[in-house]
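Under our numbering, the first residue of the sequence shown is numbered 11, with each subsequent residue one higher. In this text, a Cβ means the ideal position worked out from N, Cα and C, and glycines have one as well. Working notes, structure below.
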Amino acid sequence: MGDYQEYLRYLVTLTAVLDPFLAIPIFIGVTATRDDASRRRLIQVVTLTVFLVLAGAAIFGEKLLLALGASLPAFQVGGGLVLLLMALAMLNAKVGEMRQTRAEAQELESGEVSGVVPLAVPLLAGPGAISTTVIAAQRGGLAHTMALIVCIGLVSALVFVMLRVAHLVGARMGMTGLNIATRILGLILAAIAIETMADGLKGLFPALAA
């Protein structure tokens with residue numbers, strides 16, 4: 011049950027961090043003048059990039075922490091803070107600069123988007139998703155890493171489906187509906203971010219756990 015809850019929490023957290031509802035209006039704007047074949051190619055590139063970046067974080071996350079000389083509790087506090095900042099932007103139905111800077115937004119608006127940057131990284135698989143995956147991967151073990159990669163594959167598939175039907179969903183839900191969905195995910199993400207920071211603080215200051 012513990013493992014089940016852990017992977018379910020990771021699935022929910024990663025879905026909230028990627029927030030396909032927030033990506034829908036951006037994707038619609040970027041692909042407004044493209045034909046269906048071009049949109050499919052862009053979706054495939056975006057989805058594959060998101061999967062590879064996060065799978066890489068799951069496989070090499072522990073080595074990354076060791077190379078940086080950072081402890082897991084310290085990374086939990088830092089990663090939790092990143093998630094909290096993203097959650098606060100989502101509660102205001104905004105992209106936020108943690109996901110996308112003004113320069114990256116202008117690049118998207120220009121229509122010259124490869125799919126890798128900035129649509130896949132950092133808009134979707136940005137610092138929040140990467141830090142979430144690195145923290146989740148710290149338990150170690152091949153079976154655990156493979157389970158995380160399966161979770162990443164499921165969320166990537168969800169992103170693929172949401173982008174594939176983005177124009178239909180955007181028309182049905184409207185901007186208000188998409189914003190409501192983003193705010194709900196933002197509320198969930200805020201709770202997870204605070205819990206992640208609390209776990210990290212307990213690791214840094216064991217007296218807090220007493």
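Proximity to L32 [Cα-Cα], best of N102, G79, G88: N102
Unbroken stretches of the beta strand (DSSP E), 3 residues or longer, contained in the region 66-91: none
A203 (DSSP reduced to helix, strand or coil): helix
Where G136 sits in the DSSP three-state scheme: coil
Cα-Cα separation between G187 and D29, rounded to whole angstroms: 14 Å
Euclidean distance between Cα positions of L21 and L75: 22 Å
Extent of the continuous alpha helix (DSSP H) to which M156 belongs: 152-174
Buried or exposed by the 16-neighbour rule on C-beta atoms within 10 Å, applied to Q4: Because the chain here runs from 11 to 220, residue 4 falls outside it and cannot be looked at.
Host alpha helix (DSSP H) of A33 (start-end): 30-40
Beta-carbon separation (whole angstroms), L211 vs T142, contact threshold 8 Å: Rounded, the Cβ-Cβ distance is 17 Å, inconsistent with contact.
L82 beta carbon less than 8 Å from that of I162: no
Cβ shell of V126 (< 6 Å), same chain only, five flanking positions each side left out: T59
Where T186 sits in the DSSP three-state scheme: helix
Between the CA atoms of A139 and G213 - distance to the nearest angstrom: 22 Å
Within 8 Å, strictly: CB atoms of A113 and A200: no
Where M108 falls: helix, strand or coil (DSSP): coil
Best match in F61, R19, V144 for proximity to L168 [C-alpha to C-alpha]: F61
Three-state secondary structure assigned by DSSP to T43: coil
Counted within 10 angstroms of its Cβ, other Cβ atoms place M185 as buried (16 or more) or exposed: exposed
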